[in-house]
Every structure is written in C-alpha cells, then in structure tokens.
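Before any comments, here is the structure.
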Amino acid sequence: MTPALFTALPADVWQAIARGTRCRCPRCGEGRLFRKWLKPLDRCPVCTLDLTPQRADDFPAYIAMIVTGHLMAPLIIALSKDYALGVVAMFAIVVPVALAMMLGMLQPAKGAVIAVQWWNGMHGFARERRPAEEATGEDAQA
Ligand SMILES: [Zn+2]
Numbered sequence: 250m251t252p253a254l255f256t257a258l259p260a261d262v263w264q265a266i267a268r269g270t271r272c273r274c275p276r277c278g279e280g281r282l283f284r285k286w287l288k289p290l291d292r293c294p295v296c297t298l299d300l301t302p303q304r305a306d307d308f309p310a311y312i313a314m315i316v317t318g319h320l321m322a323p324l325i326i327a328l329s330k331d332y333a334l335g336v337v338a339m340f341a342i343v344v345p346v347a348l349a350m351m352l353g354m355l356q357p358a359k360g361a362v363i364a365v366q367w368w369n370g371m372h373g374f375a376r377e378r379r380p381a382e383e384a385t386g387e388d389a390q391a
C-alpha cells in the first residue's frame, strides 16, 4: 500500500459509511463503487481494492424498507387525519412516494453495507487502518 493510500484510509467506520453512501470506494473515497445500479465493480479503479468479497445480499433492501416505512408512516397518518382523502387519492400519493424513496435509497444503502463489510474485514476483505491507529491498538477492542 502506498503512503498516499494510508492517508486516504477513512478515520473511522462513519467516514467509510459516508463514502459508501456516496457510492464511492470506502478505502480511497475516490473510485466509483458501482458498475451498474446495484452491481459493484470488481475492483476500485483508483486504489484497486478488490470488491468481489462484498456480500450485501438483501440487507440494503431491508434498510430501504425500514427507513421508508418509518418516514412514510407519519406522512400517511397526517394525510389520513388532516385531509379527507379517498383511498384512490391516498394510493396515488403514497405509492409513488414510497417507491421513489425505496429505489433512491437502494444504491446508497448497498454502498454503506459494502463499506461496513470492508471496514470490519468481513467475507475476505482485508482489515485496513491508518498506521497510527494500528500502532495504538485503538480498534483492538472493537
Ligand atoms: Zn478505492
């Protein structure tokens, strides 16, 4: 690993997640993470991180469903209490909004899941930390 890449490593898991959410490589923060919508590249085009060990599976979809449900529930309650909307009008509003939220959240959620897997060295990812943090053993208990 080059010295420039050491400094590009994320400081903590949250920075790695932020990079993944922006659909960028969690290690360098520069390279694209996805070849197609939900299809990750095999390697980061910038730092050559092997992305094939990722196993996001259905977890990004569960994240998108949970977040969408929690955001939509107050909206549905407000629409049904404050406005006397019919069933067709409710569906005409709620279904497209929920679909847009779900579809818009899938790729960032998958990027975040891949970032967490990389950060924790899961499924064949090498666990990488900045040299100073490794020397102090900051993540030894984690
Ligand atoms: Zn990279």
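Residue numbers (the numbering used here): 250 to 391. By construction, the Cβ of each residue, glycine as well, lies at the ideal position given by its N, Cα and C atoms.
Tell me which same chain residues have a C-beta within less than 6 Å of the C-beta of V362, skipping the five on either side of it? The count along the sequence shown starts at 1 and reaches residue 362 at position 113. Same-chain partners within the cutoff: A305, F308 and P309.
So is the beta-carbon of E279 under 7 Å away from any non-hydrogen atom of ligand 1? Taking the first residue of the sequence shown as 1, we reach residue 279 at position 30. Yes, the beta carbon of E279 sits closer than 7 Å to at least one heavy atom of ligand 1.
May I ask you to list the residues that DSSP assigns as paired with P289? Numbered from its first residue, the sequence shown carries residue 289 at position 40. Answer by DSSP bridge pairing, in chain order: F283.
Limits of the unbroken alpha helix (DSSP H) element including G360: The residue labelled residue 360 in the question sits at position 111 within the sequence shown. It spans V336 to W368 - the alpha helix (DSSP H) in which G360 sits, taken as one unbroken run.
How about L324 and M339: do their beta carbons lie closer than 8 Å? As a working note, residue 324 is residue 75 in the sequence shown. As a working note, residue 339 is residue 90 in the sequence shown. Their beta carbons are not under 8 Å apart, which means L324 does not touch M339 by this criterion.
C-alpha distance - F374 paired with I312, whole-angstrom precision: Numbered from its first residue, the sequence shown carries residue 374 at position 125. Numbered from its first residue, the sequence shown carries residue 312 at position 63. So the alpha carbons of these two residues sit roughly 22 Å apart.
Secondary structure at D331, three-state DSSP: helix, strand or coil? In the sequence shown, counting from the first residue as 1, residue 331 sits at position 82. D331 falls in the helix class under three-state DSSP.
Would you say the beta carbon of L290 is closer than 7 Å to some non-hydrogen atom of ligand 1? Taking the first residue of the sequence shown as position 1, residue 290 is located at position 41. No.
Please determine if the segment 363-371 and the segment 269-281 are in contact, where contact requires at least 3 C-beta pairs separated by less than 8 Å. yes
Below 7 Å CB to CB, which residues in the same chain sit around A391 once its five sequence neighbours on both sides are set aside? In the sequence shown, counting from the first residue as 1, residue 391 sits at position 142. Any reading at A391 must be qualified, since the residue scores a pLDDT of 45, below 50, and its modelled position is unreliable; no value is offered.
For ligand 1, is there a heavy atom less than 7 Å away from the beta-carbon of R276? Counted from its first residue, the sequence shown places residue 276 at position 27. For ligand 1, at least one heavy atom lies less than 7 Å from the Cβ of R276.
If we ignore side chains and look at the alpha-carbon of each, how far apart do L298 and R292 end up? Residue numbering aside, residue 298 sits at position 49 when the sequence shown is read from its first letter. Residue numbering aside, residue 292 sits at position 43 when the sequence shown is read from its first letter. Cα-Cα distance, rounded: 5 Å.
Counting C-beta neighbours from all protein chains within 10 Å, is the total for T317 16 or more, i.e. buried, or is it exposed? Sequence index remark: in the sequence shown, residue 317 carries index 68 (1-based). By the neighbour-count rule (16 or more Cβ atoms within 10 Å), T317 is buried.
Is it the case that the Cβ atoms of L282 and G269 are separated by a distance below 8 Å? For the purposes of this step, residue 282 is taken as the residue at position 33 of the sequence shown. For the purposes of this step, residue 269 is taken as the residue at position 20 of the sequence shown. Contact flag set, yes.
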